[in-house]
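Student:
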Amino acid sequence: MKVDVYNMLTAAQASRRRFLQGTAAVGAMAAGSSFVPGLSSVARAQSGLRAEILKIPGVNQGSPTDADWQKVGELCLGGTKETVQEGEFEGVELTFMGLNNQNLHNFLFRGFLKPWEAYTGAKINWIDLAQADYNARLQQSIATGTVDFDIIEMGAPFEGDVCGKGLAAEMPDWVKTLIDMDDYVSYLKAPVGTWDGKTYRISVDGDCHNFNFRTDYFQSDELAKAWEAEGHEGIWEAPTTWQKVQEVTKFLKGKTDPFGLEAYGYLDPLKGWGGFGFYFLESRATAYAKYPGDPAWLFDPDTMKPLVNNPAWVRAIQDVMDVMADQPPDQINADPGTTAFQQFLAGTGSMLSWWGDVGSSAKTSDGSVIGDVVGFSILPGSDDVYNRKTGEWETLASGPNFAPNMAYIGWGVYVMARATQDEKKGKAAWSAAAHLGGKDISLWCSAYPSGFQPYRNSHFNIEEWSAAGYDEAYIADYLGSEADSYNHPNAAIEPRIPGIFQYYSIAEDELAKTYAGQYASAQEGADAIAAAWEKITDQIGRESQIKLYRASLGLG
Amino acid sequence: MNLEGDLLHTVQPDNISDRRKRLGRILFWSASALVVLVGALLVLDDFGHDLGFTSWRPLLYAYVIWAVVLCAVQVIERGESGKRALFVLPATLFVISMVVFPLLFGLSIAFSDWNLSSLDGQKFNGFDNVVAMWNDAFYWNALKNMVYYVAAIGVEYAIAFGLALLLNADIRARKFFRVAILLPLMLSPVAVSWMFGKSMMEIRFGPLANLAKFLGWNQPAFFSDPMIARLSIMVMDAWTWIPLMVVILLAGLQAMDKEVQEAAKVDGANAWQSFWAITFPLMIPVSVTAIVIRIIFKLKLADIIINVTSGGPGGATDSVTSFIFREYRDRSNVGYGTMLAMVYLVLIIVFITALLALVNRLTKRPA
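Same order as they appear, the protein sequences are chains F and Y. Sequential numbering from 72 applies to the first sequence in our numbering. Sequential numbering from 130 applies to the second sequence in our numbering.
(1) When you compare only the Cα positions, how much space is there between THR419/F and ASP339/F?
(2) What does the Cβ neighbour count give for ASN196/F, buried or exposed, with the cut at 16 atoms within 10 Å?
(3) Does the Cβ of PHE305/Y have 16 or more other Cβ atoms within 10 Å, making it buried, or fewer, making it exposed?
(4) According to DSSP, is GLU535/F helix, strand or coil?
(5) Among THR183/Y, SER226/Y, VAL204/Y, whose alpha-carbon lies nearest the alpha-carbon of THR217/F?
(6) Going along chain F in order, which residues have a C-beta closer than 9 Å to the C-beta of PRO231/Y?
(7) Grab the span of the beta strand (DSSP E) containing GLU164/F for me, first residue to last.
(8) To the nearest angstrom, how far is it from the Cα of TRP464/F to the Cα of LYS269/F?
(9) Establish whether the CB of TRP257/F and some CB of chain Y are separated by less than 7 Å.
(10) Is ILE480/F near the ligand ATP, with its Cβ less than 6 Å from a heavy atom?
(11) Does ASN380/F get closer than 7 Å to chain Y when you measure Cβ to Cβ?
(12) Counting contacts by CB-CB distance shorter than 7 Å, is ASN244/Y in contact with chain F?
(13) Less than 7 Å between the C-beta atoms of GLU565/F and ILE480/F, yes or no?
(14) Can you find a C-beta in chain Y that's less than 7 Å from the C-beta of GLY93/F?
(15) Leaving out the 5 sequence neighbours to the left and right, which residues in its chain are closer than 7 Å to TYR69/F when beta-carbon positions are compared?
(16) Inspect the beta-carbon positions of SER521/F and LEU179/F and report whether they are closer than 7 Å.
(17) Mind checking whether LYS405/F and LYS342/F have CB atoms under 7 Å apart?
(18) In angstroms, rounded to a whole number, what distance separates the CA positions of ALA334/F and LEU323/F?
(19) Is it the case that the segment 151 to 165 of chain F contacts the segment 511 to 531 of chain F, given that we only count it when at least three CB pairs across the two stretches are under 8 Å?
(20) Which complete alpha helix (DSSP H) runs does the segment 524 to 599 of chain F hold, if anything under 4 residues is left out?
(21) Which residue or residues does DSSP assign as beta-bridge partners of LEU423/F?
(22) In the DSSP assignment, find the unbroken beta strand (DSSP E) run with GLU465/F in it and report its ends.
(23) If you measure between the beta carbons of TRP368/F and LYS361/F, is that distance less than 7 Å?
(24) On the CB-based measure, 16 or more other CB atoms within 10 Å of its CB, does GLU581/F come out buried or exposed?
(25) Just how far apart, CA to CA, sit GLN707/F and LEU416/F?
(26) Are any of the Cβ atoms in chain F nearer than 7 Å to that of ILE332/Y?
(27) Give every residue of the same chain whose Cβ lies closer than 6 Å to the Cβ of GLY211/Y, excluding the five residues on either side of it in the sequence, and list them in chain order.
(28) Count the other CB atoms within 10 Å of the CB of TRP405/Y; is the residue buried (16 or more) or exposed (fewer)?
(29) Beta carbon of TYR350/F, beta carbon of VAL316/F: below 7 Å?
(30) Taking C-beta to C-beta, are ALA488/F and LEU238/F nearer than 7 Å?
(31) Put PHE480/Y into one of helix, strand or coil per three-state DSSP.
(32) On a Cα-Cα basis, can you pick out the residue from SER461/Y, VAL449/Y, LEU312/Y that is closest to GLY345/F?
(33) From what residue to what residue does the alpha helix (DSSP H) around GLU318/F run?
(34) So, with DSSP's three-state summary, where would you put SER517/F?
(35) Between ILE403/F and chain Y, is there a C-beta pair that is closer than 7 Å?
(36) I need the DSSP call for PHE404/Y, collapsed to helix, strand or coil.
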């Protein structure tokens with residue numbers, strides 16, 4: 072669990088008022104959440120082990136320490152003991168490269184693996200990296216042929232760079248069984264984690280963009296009356312389509328929000344963020360561009376021709392441009408961090424797409440003023456969707472098209488090919504990785520500060536959480552906000568091709584020019600992005616990109 | 130007394146035997162041959178003949194051996210005068226290793242197509258990167274912005290000179306102000322970015338934004354309009370670096386001969402005449418130093434831009450360095466990014482050389 076989420080949950084339990092609000096949320100979620108089997112009221116039998124580890128150190132007992140991590144690691148050694156003899160890896164040395172964000176990630180892994188090292192006899196050396204150094208370190212290792220680690224903690228977007236180049240080792244069947252991959256939420260199953268049908272990734276995390284909105288705006292009688300008086304269709308409520316998001320954003324311009332400040336609608340980050348800003352245009356575009364049944368929404372999988380200048384994407388860019396004047400002043404200088412933490416949490420704006428952090432920080436951050444008035448849903452849909460194959464906009468019989476953006480996909484643990492050149496070392500590496508990605512240990516990581524979000528269906532068994540000491544209403548509220556996105560059948564999965572952040576980075580530069588009015592139209596700006604993407608594809612190698620892109624989509 | 134030949138501290142004339150000289154030559158050529166041999170083998174290995182090399186490190190070892198032998202040979206062949214060469218030679222070799230070799234390596238990268246994500250690795254591509262640069266609107270835009278940024282140094286210099294004069298004058302709490310004015314210089318530009326760009330200039334709650342509202346600017350957006358955004362960056366950068374110019378100019382003022390100014394006073398010059406006719410001309414050499422150093426710092430301007438505007442809006446605040454940073458770090462475009470940096474280096478050298486020549490001509494005393 073992300074630290075802020077943990078803080079939010081534990082802090083929120085002290086609030087009786089939130090408990091009552093949350094109870095209502097559970098009821099609503101039980102009715103509305105159709106994708107998560109674990110969220111049903113049917114109780115699952117709890118294993119004693121899972122209950123036991125969830126009591127370490129105990130909810131509201133302060134943040135876990137290294138001793139706690141070691142205890143959890145010790146208790147979760149069952150899988151290792153089934154597959155490895157005691158002392159079997161005596162003399163084996165492994166190098167693990169991962170992150171040190173917020174003193175989590177590798178810090179936890181060290182604790183978890185200490186008992187594993189004691190049991191197996193292997194020794195692990197650690198390479199800790201700050202997030203900002205991670206990309207450059209990994210790319211340089213790959214480019215200069217100096218891969219000096221056996222196990223790596225890595226985001227799925229880099230699979231193209233690593234797995235696509237044959238640097239990772241294929242997962243043996245015994246590991247697949249040990250970690251129970253069938254338990255993963257839908258979008259983390261193949262093709263994510265696989266290349267050319269081979270499985271490489273042990274997931275330890277999940278990521279997606281949610282839609283965060285201010286409930287006080289949409290419960291305001293004053294705004295409801297104004298909405299009706301201006302002749303808008305439908306009742307005043309949180310939008311569920313981008314068409315409505317646009318309408319609401321324009322409607323709110325010039326009005327006063329429930330705090331008495333200037334009201335604003337959707338907040339677009341118009342400034343780049345090292346490539347990560349492009350995820351936010353994606354979140355606007357997927358409902359238009361991701362046609363059900365067609366996995367491709369960013370490139371044509373046959374030619375790698377960018378789709379970013381097709382009518383769906385141009386419409387998304389145009390949408391942004393249409394409401395730029397209705398957004399807060401200086402929005403052109405707002406990056407995603409600003410929209411989330413300096414605007415939305417600080418009370419400016421009513422709608423925002425972001426990762427799960429925003430909703431939780433709303434209740435724990437000192438800078439937040441919206442703790443009690445924030446609601447969540449999956450990203451808005453669209454009344455019509457663009458079919459890239461026919462070149463037509465279609466209205467689906469099933470209603471609006473929803474396509475939640477699985478932005479970044481989350482962290483995984485991968486074993487490098489160099490480790491498996493030696494059979495014993497390879498088995499040791501996979502055993503260590505499987506220990507970290509085990510079903511039980513992952514529940515603990517979901518429940519306590521770890522840097523990781525829930526990513527298995529079994530993580531959504533609310534009774535396990537409440538038995539551990541969590542308030543049922545709050546945990547249901549938190550889990551439900553993400554579960555529907557994870558398991559959506561039309562989720563837009565990020566292409567895991569080499570250099571994906573290069574495409575995003577140049578797109579940010581061109582979008583900045585588009586938003587600054589340096590191109591005559593959204594189409595011209597989108598064409599500039601497409602032209603820049605074509606150059607990157609040619610530079611990296613079109614044929615290999617097509618091959619790897621198709622592999623990432625599971626198209627073979 | 131012998132007034133010819135070696136006048137330094139030669140203890141005794143060296144009588145180097147031919148045998149010893151021959152040994153020195155053999156050692157030198159052997160070490161040189163080793164470098165060439167290892168280099169050739171590595172090139173062969175690189176072009177597909179698997180000779181078992183896993184890195185280019187053997188060439189480094191061969192070079193180190195060659196450097197040691199070269200030093201030893203100086204003594205073997207030339208005796209005492211060779212020993213004197215050893216005072217300089219290791220340092221020279223070190224500089225060559227740390228500057229010349231990386232520069233050559235950098236040039237080899239600059240003339241290649243090398244995207245870290247490409248399966249093909251580094252490929253020589255001649256002048257393709259130069260052509261791409263010529264057609265790159267982002268690069269030219271960044272260069273244009275650099276002209277604005279460098280031009281702003283004129284204003285910075287005027288402010289710095291004024292502050293230096295104040296601090297040189299007999300004012301109250303002079304020591305305190307002299308220390309206080311250095312504080313911005315001690316801050317990292319990244320901290321300045323957050324303190325000013327992201328906090329004090331924040332449009333809703335920033336104190337500077339509130340002051341601007343109080344003064345009648347309805348929506349004080351410091352980074353939305355291209356020219357205002359550029360000015361805001363200039364102001365933040367100036368706030369950080371003006372103290373450096375102040376310190377240099379203050380040192381110049383303090384070193385100035387007071388008698389000249391006193392003589393001017395005696396001759397009846399008022400404060401302005403004293404400054405314009407005496408102080409300013411005498412300060413020109415120091416001013417040139419301060420401005421040149423400031424230009425060099427300005428040409429590296431990147432951190433504030435990266436943190437506050439990411440080059441926006443629409444590239445209005447982009448500097449060459451911040452653009453290269455995105456091209457190199459975010460887009461892993463190593464070959465092209467290096468070429469941009471090399472061209473920028475050449476432009477800087479040409480610009481600074483021309484500037485110094487101009488200043489030299491302007492300040493030359495008439496014969």
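Glycine included, each C-beta is placed from N, C-alpha and C at the ideal position.
Tutor: Based on what the coordinates show:
(1) On the first sequence, position 348 is the one that residue 419/F refers to. On the first sequence, position 268 is the one that residue 339/F refers to. The straight-line gap from Cα to Cα measures roughly 12 Å.
(2) Indexing the first sequence from 1 puts residue 196/F at position 125. Its Cβ having fewer than 16 others within 10 Å, ASN196/F is exposed.
(3) For the purposes of this step, residue 305/Y is taken as the residue at position 176 of the second sequence. Result: exposed.
(4) Counted from its first residue, the first sequence places residue 535/F at position 464. Helix, per DSSP.
(5) Within the first sequence, residue 217/F is the residue found at index 146, counting from 1. The shortest C-alpha separation from THR217/F is found at THR183/Y.
(6) By one-based count along the second sequence, residue 231/Y stands at place 102. The premise fails here: PRO231/Y is roughly 15 Å from chain F at the closest Cβ pair, so nothing lies under 9 Å.
(7) Against the first sequence, residue 164/F aligns to sequence position 93. It spans 164 to 170 - the beta strand (DSSP E) in which GLU164/F sits, taken as one unbroken run.
(8) Residue numbering aside, residue 464/F sits at position 393 when the first sequence is read from its first letter. Residue numbering aside, residue 269/F sits at position 198 when the first sequence is read from its first letter. Between TRP464/F and LYS269/F, the C-alpha separation is close to 36 Å.
(9) Counting from one through the first sequence, the residue named residue 257/F turns up at place 186. Note that residue 257/F is Ser in the sequence shown, not Trp. Chain Y contact via Cβ: absent.
(10) For the structure depicted, the ligand ATP is absent and the ligand set is empty, with no information on it obtainable.
(11) Working through the first sequence from its first residue, we reach residue 380/F at position 309. Using a Cβ-Cβ cut-off of 7 Å, ASN380/F does not count as an interface residue toward chain Y, since no Cβ of chain Y sits closer than that to its own.
(12) Here the question's residue 244/Y lines up with position 115 in the second sequence. Under the Cβ distance rule, ASN244/Y counts among the residues neighbouring chain F, one pair being separated by less than 7 Å.
(13) Translated into positions along the first sequence, residue 565/F becomes position 494. Translated into positions along the first sequence, residue 480/F becomes position 409. Against a cut-off of 7 Å, the Cβ pair of ILE480/F and GLU565/F comes out as a contact.
(14) As a working note, residue 93/F is residue 22 in the first sequence. Confidence is the limiting factor: at GLY93/F the pLDDT is only 38, short of 50, which leaves the residue's position unreliable, though a coordinate-based value still follows. Not an interface residue.
(15) Here chain F comprises residues numbered 72 to 627, so residue 69/F is not present and cannot be evaluated.
(16) Mapped onto the first sequence, residue 521/F falls at position 450. Mapped onto the first sequence, residue 179/F falls at position 108. Yes, the Cβ-Cβ distance between SER521/F and LEU179/F is below 7 Å.
(17) The sequence position of residue 405/F within the first sequence is 334, counting from 1. The sequence position of residue 342/F within the first sequence is 271, counting from 1. At residue 405/F the sequence reads Ala, which differs from the Lys that was named. Taking 7 Å as the Cβ cut-off, ALA405/F and LYS342/F qualify as a contacting pair.
(18) Stepping through the first sequence from its first residue, residue 334/F is reached at position 263. Stepping through the first sequence from its first residue, residue 323/F is reached at position 252. The C-alpha of LEU323/F is placed about 6 Å away from the C-alpha of ALA334/F.
(19) Taking a cut-off of 8 Å for Cβ pairs, the segment 511 to 531 of chain F and the segment 151 to 165 of chain F do not touch, as fewer than three such pairs fall below it.
(20) You should have 533 to 539, 543 to 557, 571 to 586.
(21) If you number the first sequence from 1, residue 423/F lands on position 352. Paired residue(s): ASN283/F.
(22) Your numbering for residue 465/F matches position 394 in the first sequence. It spans 463 to 465 - the beta strand (DSSP E) in which GLU465/F sits, taken as one unbroken run.
(23) For the purposes of this step, residue 368/F is identified with residue 297 of the first sequence, where counting begins at 1. For the purposes of this step, residue 361/F is identified with residue 290 of the first sequence, where counting begins at 1. Yes, the pair counts as a contact, with Cβ atoms nearer than the cut-off.
(24) Taking the first sequence and counting its residues from 1, one reaches residue 581/F at position 510. GLU581/F comes out buried.
(25) The question about residue 707/F has no answer, for chain F in this structure spans 72 to 627.
(26) As a first step, residue 332/Y is located in the second sequence; it is residue number 203 there, counting from the start. ILE332/Y counts as touching chain F.
(27) Within the second sequence, numbered from 1, the residue matching residue 211/Y stands at position 82. Around GLY211/Y: GLN203, VAL204.
(28) The count along the second sequence starts at 1 and reaches residue 405/Y at position 276. It counts as exposed.
(29) Locating residue 350/F in the first sequence gives position 279, where the first residue counts as 1. Locating residue 316/F in the first sequence gives position 245, where the first residue counts as 1. Cβ distance not < 7 Å, so TYR350/F and VAL316/F don't count as in contact.
(30) Here residue 488/F corresponds to residue number 417 of the first sequence, with the count starting at 1. Here residue 238/F corresponds to residue number 167 of the first sequence, with the count starting at 1. Yes, the pair counts as a contact, with Cβ atoms nearer than the cut-off.
(31) Here residue 480/Y refers to the residue found at position 351 of the second sequence. Note: PHE480/Y maps to helix in three-state DSSP.
(32) For the purposes of this step, residue 345/F is identified with residue 274 of the first sequence, where counting begins at 1. For the residues SER461/Y, VAL449/Y, LEU312/Y, the minimum Cα distance to GLY345/F belongs to SER461/Y.
(33) Walking along the first sequence from the start, residue 318/F turns up at place 247. Residues 313 to 323.
(34) Taking the first residue of the first sequence as position 1, residue 517/F is located at position 446. In this structure, SER517/F counts as helix in the three-state DSSP scheme.
(35) As a working note, residue 403/F is residue 332 in the first sequence. It does; some Cβ of chain Y falls within 7 Å.
(36) Position 275 of the second sequence, counted from the start, is the residue given in the question as residue 404/Y. If DSSP states are grouped into helix, strand and coil, PHE404/Y belongs with the helices.
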